[in-house]
Amino acid sequence: MRRQFLFIIILSGVSLFAQNLDLLMKYNSGYYASMGGTGLASVKHISSMDMNPAELSNYSSMNLSVSQGATYYGYDLLRISSLVGEQFSNWNECIYNFDHVSFVIPTNHLSFGIGIYRKLSPHLINKKIAVTFSDLFSQETNGDVYSVTFGLGYKPSNSVSLGISFSKYFGELKSIIRGENHDIDLDKWVSMENDLSGFNFKCGLIYVHSNWSAGFTIEAPFKMKVKTSKHISDVQKYKYLLPHYDATDWHQPLVIASGVSYYGINGFLIEADFEIRKYKSSDVQINLFEFGGLPIWQDLKIFRIGVEYKPADWNLPLKAGYAVIPQLYYSNNSFGLSNIISSYQNTDQNIKHSYTVGTTLELNKLSLDFAIDYSVLKWNRTLIAPQIIEDDYKEKNITFSIFASLSL
Numbered sequence: 000m001r002r003q004f005l006f007i008i009i010l011s012g013v014s015l016f017a018q019n020l021d022l023l024m025k026y027n028s029g030y031y032a033s034m035g036g037t038g039l040a041s042v043k044h045i046s047s048m049d050m051n052p053a054e055l056s057n058y059s060s061m062n063l064s065v066s067q068g069a070t071y072y073g074y075d076l077l078r079i080s081s082l083v084g085e086q087f088s089n090w091n092e093c094i095y096n097f098d099h100v101s102f103v104i105p106t107n108h109l110s111f112g113i114g115i116y117r118k119l120s121p122h123l124i125n126k127k128i129a130v131t132f133s134d135l136f137s138q139e140t141n142g143d144v145y146s147v148t149f150g151l152g153y154k155p156s157n158s159v160s161l162g163i164s165f166s167k168y169f170g171e172l173k174s175i176i177r178g179e180n181h182d183i184d185l186d187k188w189v190s191m192e193n194d195l196s197g198f199n200f201k202c203g204l205i206y207v208h209s210n211w212s213a214g215f216t217i218e219a220p221f222k223m224k225v226k227t228s229k230h231i232s233d234v235q236k237y238k239y240l241l242p243h244y245d246a247t248d249w250h251q252p253l254v255i256a257s258g259v260s261y262y263g264i265n266g267f268l269i270e271a272d273f274e275i276r277k278y279k280s281s282d283v284q285i286n287l288f289e290f291g292g293l294p295i296w297q298d299l300k301i302f303r304i305g306v307e308y309k310p311a312d313w314n315l316p317l318k319a320g321y322a323v324i325p326q327l328y329y330s331n332n333s334f335g336l337s338n339i340i341s342s343y344q345n346t347d348q349n350i351k352h353s354y355t356v357g358t359t360l361e362l363n364k365l366s367l368d369f370a371i372d373y374s375v376l377k378w379n380r381t382l383i384a385p386q387i388i389e390d391d392y393k394e395k396n397i398t399f400s401i402f403a404s405l406s407l
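Per numbering that gives the first Met the number 0, residue 0 is the first one in the sequence shown, and the count goes up by one each step.
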């Protein structure tokens, strides 16, 4: 259900940060994290059963893997106001994340895998948002959703690998509003915790030719169960921001993906993946306050490409990649009369561009994959109420991750 907030917004002297909460499920791509997050058709190196469960059949020995990451968030906001001209604001922070741990046991006919994966980590901070004239608050949304995944891999022939995985999801996402009305609303706040749970399965296939391979996966749609706990200060100033429900469903999409891996050029490995996510409308509130409109539940198309270069006499390969990741939020125009925002008009879809580099260090039975991911997302909001304010927003993320794989 689409909801609209009616609020009066202060037109000058306020830092209004933009809105793009990442609501997309992620996949652990292991060796290929520095190659744009590809690896769907991997046969040269092990990716992850989270990426394609058919890859389980490529293991020749027991394997233990773990990965960890740290992300730097940088935000820039350029505001152009018809009243006060140009204003520039920026801020940044760093967050550390546990990404995954998994264990694989291969046998003569089947390979078994079990792991825990970080699947969803929405993160957002907005400062000094105006709800009513000169009435400010700050907002923060964060949390993690993990999956416990069990997978099976089967190799009926040298050229075909099959796999299936089952995932149980769990986690909590929290959003909180704190008053910042020139230091007179500091005792007023509201928060909600969304406890999430769900179950789904994923099927995968890999076909191997002489110098290329192709991969295919299909992930079933499912309902993420959401139970919401609400808390509020004694003075219930922000009560209207709370959702109307105590429990609801968040519809996760049908995901269809395909990929190709080409290794016919000496010293080179080229990977490309394409993914379609078919979203359905969901009456779920992750943020207490949606600045600039709500997410648009529609089909998303994601493209990734990666290249590895490793001559025979090199110990360390050079890896690089690129990904285009559309978001569920849009830039928009906001309209109103007498400074009251009454409607939104979506303009351009927010798109994240991801650039990756990295390498791999082989130490006997231990493999260490290092990846740096630099992503950029731009967002625009034009307010017409009746004065004109244009917000040009830029989010820059730098993620450093390490994927360690030990053959036992």
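Think of the CB as a built atom: it goes at the ideal place given N, C-alpha and C, for glycine as much as any other residue.
Could you round the C-beta distance between T227 and D245 to whole angstroms and report it? I think they count as a contact, below 8 Å.
-> About 6 Å separates the two Cβ atoms, so the contact holds.
- Do you know how far the Cα of K279 is from the Cα of N57? Linking N57 to K279 through their CA atoms gives a straight-line distance of about 35 Å.
### Query
Taking 8 Å as the CB-CB cut-off, is A370 touching chain C?
In summary, chain C is missing from the structure at hand, where a single protein chain is found.
Using beta-carbon positions only, say whether I295 and E274 come within less than 8 Å of one another. Contact check for I295 against E274 fails: the beta carbons are separated by 8 Å or more.
Item to check | Which listed residue (F267, S160, D372, V147) has its alpha carbon closest to that of S110 | outcome: It is S160.
*Does the beta-carbon distance from A271 to V254 come in below 8 Å?*
Cβ distance not < 8 Å, so A271 and V254 don't count as in contact.
Just to confirm before moving on: does the CB-CB distance between G170 and G142 stay below 8 Å?
Contact annotation: G170 and G142 have beta-carbon atoms nearer than 8 Å.
According to DSSP, is P52 part of a helix, a strand, or is it coil? For P52, the secondary structure class from DSSP, reduced to helix, strand or coil, is helix.
Checklist entry - Alpha carbon to alpha carbon, how far is S133 from E85? => result Only weak support exists for where S133 lies, its pLDDT of 47 falling under 50; the value from the coordinates is given anyway. One C-alpha to the other measures close to 20 Å.
- Item | Residues bridged to Y262 [DSSP beta-bridge criterion] | Y262 is not bridged to any residue.
Exercise for review: Return the CA-CA distance between N89 and H122, expressed in angstroms with no decimal places.
Suggested key: The alpha-carbon of N89 is positioned some 16 Å away from that of H122.
Please report the distance separating the alpha-carbon of F431 from that of I104.
Given a span of 0 to 407 for the chain in the structure shown, any question on residue 431 remains unanswerable.
- Item | Opening and closing residue of the beta strand (DSSP E) in which V296 lies | Inspection of the sequence shows that residue 296 is occupied by Trp rather than by Val. That residue, W296, is in no beta strand (DSSP E); it is neither H nor E in DSSP.
Check: Is G36 helix, strand or coil when you go by DSSP?
Finding: Three-state result, G36: coil.
*Can you say whether K44 is buried or exposed, counting buried as having 16 or more other CB atoms within 10 angstroms of its CB?*
It should be pointed out that residue 44 corresponds to His in this sequence rather than to Lys. So H44 counts as buried.
Do the CB positions of G38 and S64 come within less than 8 Å of each other? Contact check for G38 against S64 fails: the beta carbons are separated by 8 Å or more.
> Do T359 and L365 come within 8 Å of each other at the CB atom, strictly closer than that value?
Replying inline: Not a contact, by the Cβ cut-off of 8 Å.
Under the DSSP definition of a beta bridge, which residues are partnered with M191?
DSSP lists S174, K229 as partners of M191.
Fill in: DSSP state of K222 mapped onto helix, strand, coil
DSSP places K222 in strand when its eight states are reduced to three.
Given M50 as reference, the closest of S281, E289, A403, E218 once Cα atoms are compared
Measuring from the Cα of M50, the nearest candidate turns out to be E218.
Quick one: Cα of F221 to Cα of S146, how far? Whole-angstrom Cα-Cα distance: 14 Å.
Please look up how many angstroms separate the CB atoms of E179 and L135, rounded, as I've assumed it's under 8 Å. So it is a contact: roughly 4 Å between Cβ atoms.
task = Give me the Cα-Cα distance between Q3 and S341, rounded to the nearest whole angstrom.
result = The pLDDT assigned to Q3 is 38, lower than 50, so where the model puts this residue is not dependable; a value taken from the coordinates is nonetheless given after this. For Q3 and S341, the gap between their C-alpha atoms comes out near 7 Å.
Based on Cα-Cα distance, which residue from I285, Q138, S33 lies nearest to K187?
-> The candidate whose alpha carbon is nearest that of K187 is Q138.
Exercise for the section: Report the three-state DSSP secondary structure of N379 (helix, strand or coil). Expected result: Per DSSP, reduced to three states, the secondary structure at N379 is strand.
Option in F165, H208, N396, F149 with minimal Cα separation from H352: With distances taken between Cα atoms, H352 lies closest to N396.
Taking only three categories from DSSP, how would you classify L20? DSSP, read as helix, strand or coil, puts L20 in coil.
Point to revise | Assigned secondary structure, P310 (DSSP; H/G/I helix, E/B strand, else coil) | key: Correct three-state label for P310: coil.
key: Span separating the alpha-carbon of D233 from that of L240   = The C-alpha of L240 is placed about 15 Å away from the C-alpha of D233.
**Study point:** Candidates G203, L204, D312, H250: closest to L23 by CA position
**Key:** Distances from the CA of L23 to each of G203, L204, D312, H250 were compared; the closest alpha carbon is that of H250.
Requested in this report: Under 8 Å by Cβ, that's how I've got M223 and L185 pegged, so tell me the actual separation to the nearest angstrom.
Outcome: Cβ-Cβ separation between M223 and L185: approximately 34 Å, too far for a contact (criterion under 8 Å).
Hey, how far is the Cα of K393 from the Cα of S47? For K393 and S47, the distance between alpha carbons rounds to 32 Å.
Helix, strand or coil: how does DSSP classify S133 here?
Caution applies to S133, whose pLDDT of 47 falls short of 50 and renders its modelled position unreliable; the value that the coordinates give is listed next. If DSSP states are grouped into helix, strand and coil, S133 belongs with coil.
Output the distance between the C-alpha atoms of A53 and S80, rounded to the nearest integer angstrom.
Straight-line Cα distance between these residues: approximately 54 Å.
Close beta carbons around A370, own chain, < 7 Å, minus the five adjacent residues each side: Contacts found: A32, S33, T355, G357, S400.
Under 8 Å between C-beta atoms of L315 and N62: Going by beta carbons, L315 and N62 fall outside the 8 Å limit.
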